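Enquirer: Protein sequence lines, in the order shown, are assigned to chains A and B. Per my numbering, residue 31 is the first one in the first sequence, and the count goes up by one each step. Per my numbering, residue 465 is the first one in the second sequence, and the count goes up by one each step. The beta-carbon is built from N, C-alpha and C at its ideal position, and this holds for glycine as well. Fair warning: this is a prediction, and the values are worked out from it, not measured in the lab. Structure below; questions to follow.
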Amino acid sequence: MAQIIGGFFTSHVPAIGGALAKGLQQDPYWKPFFDGYPPVKAWTSAVKPDVVVVFYNDHGLNFFLDKMPTFAVGAAAEYPNADEGWGLPIYKTFEGYPELSWHIIEHLVNSEFDVVTCQQMLIDHGASIPFELGWAEDNDRTFKLIPININTVQHPLPSPKRCLALGRAVAEALESWGGDERVVVVGTGGLSHQLDGERAGHINKEYDTFCMDNMGPDPDAITAKSSLDIVELAGSQGVEVLNWLAARGAIGGDVKEITRNYHIPISNTAASTLVLERLEAVPAE
Amino acid sequence: MASTQTAKRVIPGTPVFDGEAASKGYALNAMCYSFNEAPNRQAFLDDEDAYCAKFGLNEQQREAVRQRNVLAMIAAGGNAYYLAKLAGIFGLNMQDIGAQQTGMSVEDFKAHLRSQA
Numbered sequence: 031m032a033q034i035i036g037g038f039f040t041s042h043v044p045a046i047g048g049a050l051a052k053g054l055q056q057d058p059y060w061k062p063f064f065d066g067y068p069p070v071k072a073w074t075s076a077v078k079p080d081v082v083v084v085f086y087n088d089h090g091l092n093f094f095l096d097k098m099p100t101f102a103v104g105a106a107a108e109y110p111n112a113d114e115g116w117g118l119p120i121y122k123t124f125e126g127y128p129e130l131s132w133h134i135i136e137h138l139v140n141s142e143f144d145v146v147t148c149q150q151m152l153i154d155h156g157a158s159i160p161f162e163l164g165w166a167e168d169n170d171r172t173f174k175l176i177p178i179n180i181n182t183v184q185h186p187l188p189s190p191k192r193c194l195a196l197g198r199a200v201a202e203a204l205e206s207w208g209g210d211e212r213v214v215v216v217g218t219g220g221l222s223h224q225l226d227g228e229r230a231g232h233i234n235k236e237y238d239t240f241c242m243d244n245m246g247p248d249p250d251a252i253t254a255k256s257s258l259d260i261v262e263l264a265g266s267q268g269v270e271v272l273n274w275l276a277a278r279g280a281i282g283g284d285v286k287e288i289t290r291n292y293h294i295p296i297s298n299t300a301a302s303t304l305v306l307e308r309l310e311a312v313p314a315e
Numbered sequence: 465m466a467s468t469q470t471a472k473r474v475i476p477g478t479p480v481f482d483g484e485a486a487s488k489g490y491a492l493n494a495m496c497y498s499f500n501e502a503p504n505r506q507a508f509l510d511d512e513d514a515y516c517a518k519f520g521l522n523e524q525q526r527e528a529v530r531q532r533n534v535l536a537m538i539a540a541g542g543n544a545y546y547l548a549k550l551a552g553i554f555g556l557n558m559q560d561i562g563a564q565q566t567g568m569s570v571e572d573f574k575a576h577l578r579s580q581a
């Protein structure tokens, strides 16, 4: 079976990509945010994943409203990034792992998660920026990627309970895989923010703290609310925490917290970072 | 049948981009989606009227775009993630957009964000 090491959770605000491109890590506005990542980079360098499963939401690069899947699993040989219209650099193309993707898809559909499968899939900033933040500059990121997209764009959204269950089914799939790869799970987006409407700029530190405190020990506590409840609490885009819930499910088991950071604001967002490691994780050789 | 529909959840000041909005906003969001490609961004800048017409924007959507009015674009079915691509063409960032929608100055909007820390 594959060994699930743990998970890395992070906001994915596009402006972060702009700041990285301009080298603003020490700028007073950005420093409290970027200072959260050296412990993450140390962790990803130490655990050396062979495979990364990333749960994210596409923002209108790969998917448009003509066909909007609730859950979509990548099964491609590679995942390129592309121009999203804001002048961000084009990020790394990641190698895929179709055999493991199809194993996960088989298990998900057998578990009654009727997912969309994608043999061509562009990954947007939601999946790309986390790898710019959480991996050291000299780390060549040669792991194989499996992207899983969750609709957080067009209501009705999947429920928090369903997203956590999806993740748990992915953990089952990884644990029934014949290979011995080391797997890290990534959940991206959030936490609280709202870009649109008269309430634009809404942030909810108390709710974000609740989510970060419970993500490891008791993620089910977060699923007591509906997705629309979370929109009310965390903002229309704060509901991206659904990606975190799915990622938490895919880590499985009991976890310990390795590091966290929380800073208001980056752009309009409560920028949040968290690393959780499986208690029984074996160190890399 | 309208009589069988449950009442919509209303969250003050917060658009819920649902099927009704997605249907209404399809042309506007389709135009914004096209801005992923640089030649399309340039085509919009070169001839905004022609570009909007090509995507079949209705009068409400066309007027909202003409006025660069984000709340009006949302009322016409625009989705935040797609509208962000249009905002990028105008060189507006999310604080500019937030300030416009809340009626604050950009500096006041930034202070509002910081005040929630």
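Should PHE582 (chain B) and HIS223 (chain A) be called a contact, given that it needs their Cβ atoms to be closer than 8 Å?
Expert: Past the boundaries of the shown model lies residue 582 (chain B); chain B is included only from 465 to 581, so the question cannot be answered.
Enquirer: Ordered along the chain, which non-local residues of its own chain (more than five positions away) have a Cβ less than 6 Å from that of ARG212 (chain A)?
Expert: GLN33, ILE35, PRO79 and ASP80
Enquirer: Would you tell me roughly how many angstroms separate the C-alpha atoms of LEU163 (chain A) and LYS71 (chain A), rounded to the nearest one?
Expert: 8 Å
Enquirer: Would you say ILE318 (chain A) and PRO177 (chain A) are within 8 Å of each other, going by their C-beta atoms?
Expert: Chain A is shown only over 31 to 315; residue 318 (chain A) falls outside these bounds and no answer can be derived.
Enquirer: Would you kindly work out how many angstroms separate the C-alpha atoms of LEU492 (chain B) and GLN506 (chain B), rounded to a whole number?
Expert: 17 Å
Enquirer: Going by C-alpha to C-alpha distance, which of A:ALA251, A:GLN149, A:ALA230 and A:SER131 sits closest to PRO190 (chain A)?
Expert: A:ALA251
Enquirer: Can you tell me which of the three DSSP states GLY53 (chain A) falls into?
Expert: coil
Enquirer: Output the boundary residues of the alpha helix (DSSP H) element that contains PRO68 (chain A).
Expert: 68-77
Enquirer: Decide if ARG192 (chain A) is buried, meaning its Cβ has at least 16 other Cβ atoms within 10 Å, or exposed.
Expert: Buried: at least 16 other Cβ atoms inside 10 Å.
Enquirer: Taking ILE281 (chain A) as the reference, which of A:SER141, A:VAL269, A:ASP248 and A:ALA201 has the closest Cα?
Expert: A:ALA201
Enquirer: Between which two residues does the beta strand (DSSP E) carrying PRO188 (chain A) extend?
Expert: Careful: PRO188 (chain A) lies outside any beta strand (DSSP E) and carries neither H nor E.
Enquirer: What residues from chain A crowd round VAL480 (chain B), counting only those whose CB sits closer than 9 Å?
Expert: Annotation: Cβ neighbours of VAL480 (chain B) in chain A (cutoff 9 Å, chain order): HIS185, LEU258, VAL261 and SER266.
Enquirer: Per the DSSP calculation, PHE101 (chain A) is bridged to which residue(s)?
Expert: Answer is A:ILE180, bridged to PHE101 (chain A).
Enquirer: So which of A:GLY156, A:GLU125, A:ASP210 and A:GLU287 has the shortest CA-CA distance to ASP170 (chain A)?
Expert: Taking the Cα of ASP170 (chain A) as reference, the smallest distance to any Cα among A:GLY156, A:GLU125, A:ASP210 and A:GLU287 is reached at A:GLU125.
Enquirer: Express the C-alpha separation of ALA203 (chain A) and GLU142 (chain A) in angstroms, rounding to a whole number.
Expert: 13 Å
Enquirer: From ASN291 (chain A) to PHE63 (chain A), what does the alpha carbon distance come to, in whole angstroms?
Expert: 8 Å
Enquirer: Which chain A residues are close to THR566 (chain B), counting only those with a beta carbon under 7 Å from its beta carbon?
Expert: GLU228, ALA230 and GLY231
Enquirer: Have a look at SER569 (chain B) and LEU225 (chain A) and give me their C-alpha separation to the nearest angstrom.
Expert: 16 Å
Enquirer: Kindly indicate the opening and closing residues of the alpha helix (DSSP H) around ALA581 (chain B).
Expert: First-last for ALA581 (chain B): undefined, no H or E at that position.
Enquirer: Rounded to the nearest angstrom, what separates GLU262 (chain A) and LEU118 (chain A) at their Cα positions?
Expert: 30 Å
Enquirer: Evaluate VAL285 (chain A) with the Cβ neighbour count: other Cβ atoms within 10 Å of its Cβ, from every protein chain shown; 16 or more gives buried, anything less gives exposed.
Expert: buried
Enquirer: Looking at LEU187 (chain A): is its Cβ nearer than 8 Å to the Cβ of ASN181 (chain A)?
Expert: yes
Enquirer: Taking only three categories from DSSP, how would you classify MET465 (chain B)?
Expert: With a pLDDT of 49 at MET465 (chain B), under the threshold of 50, the modelled position of that residue is not reliable, and the figure given next carries that caveat. Coil, per DSSP.
Enquirer: Does GLN580 (chain B) have its Cβ less than 8 Å from a Cβ in chain A?
Expert: yes
Enquirer: Tell me, please, whether the CB atom of GLY520 (chain B) is closer than 8 Å to any CB atom in chain A?
Expert: no
Enquirer: Among B:LYS472, B:ALA471 and B:THR478, whose alpha-carbon lies nearest the alpha-carbon of ALA264 (chain A)?
Expert: B:THR478
Enquirer: When the Cα of GLY220 (chain A) is compared with those of A:THR239, A:TYR121 and A:GLY90, which residue comes out closest?
Expert: A:THR239
Enquirer: Kindly give me the distance between the Cβ atoms of ASN500 (chain B) and GLY115 (chain A), rounded to whole angstroms, as I take these residues to be in contact under 8 Å.
Expert: Sure, about 5 Å apart at Cβ, within 8 Å.
Enquirer: State the DSSP-derived secondary structure class of GLU501 (chain B), mapped to helix, strand or coil.
Expert: GLU501 (chain B) falls in the coil class under three-state DSSP.
Enquirer: Measuring alpha carbon to alpha carbon, tell me which of B:GLY567, B:ALA575, B:VAL474 and B:ARG532 ends up nearest GLU228 (chain A).
Expert: B:GLY567
Enquirer: Less than 8 Å between C-beta atoms, sequence neighbours within five positions excluded: which residues of the same chain meet that for LYS488 (chain B)?
Expert: If we look at LYS488 (chain B) and ignore the five residues flanking it on each side, its Cβ neighbours are ALA540 and GLY541.
Enquirer: So is SER206 (chain A) buried or exposed if we call it buried at 16+ other beta carbons inside 10 Å?
Expert: Classification of SER206 (chain A): exposed, given that the 10 Å Cβ count is below 16.
Enquirer: Taking a contact to mean a Cβ-Cβ separation below 8 Å, would you say LYS549 (chain B) touches GLY90 (chain A) in this structure?
Expert: yes
Enquirer: Using the beta-carbon count (16 or more within 10 Å), is GLU484 (chain B) buried or exposed?
Expert: exposed
Enquirer: Who are the neighbours of ASN298 (chain A) on chain B, taking C-beta pairs under 9 Å?
Expert: MET558, GLN559, ILE561, GLY562, PHE573 and LEU577
Enquirer: Considering only their Cβ atoms, is the gap separating GLY37 (chain A) from VAL214 (chain A) smaller than 8 Å?
Expert: yes
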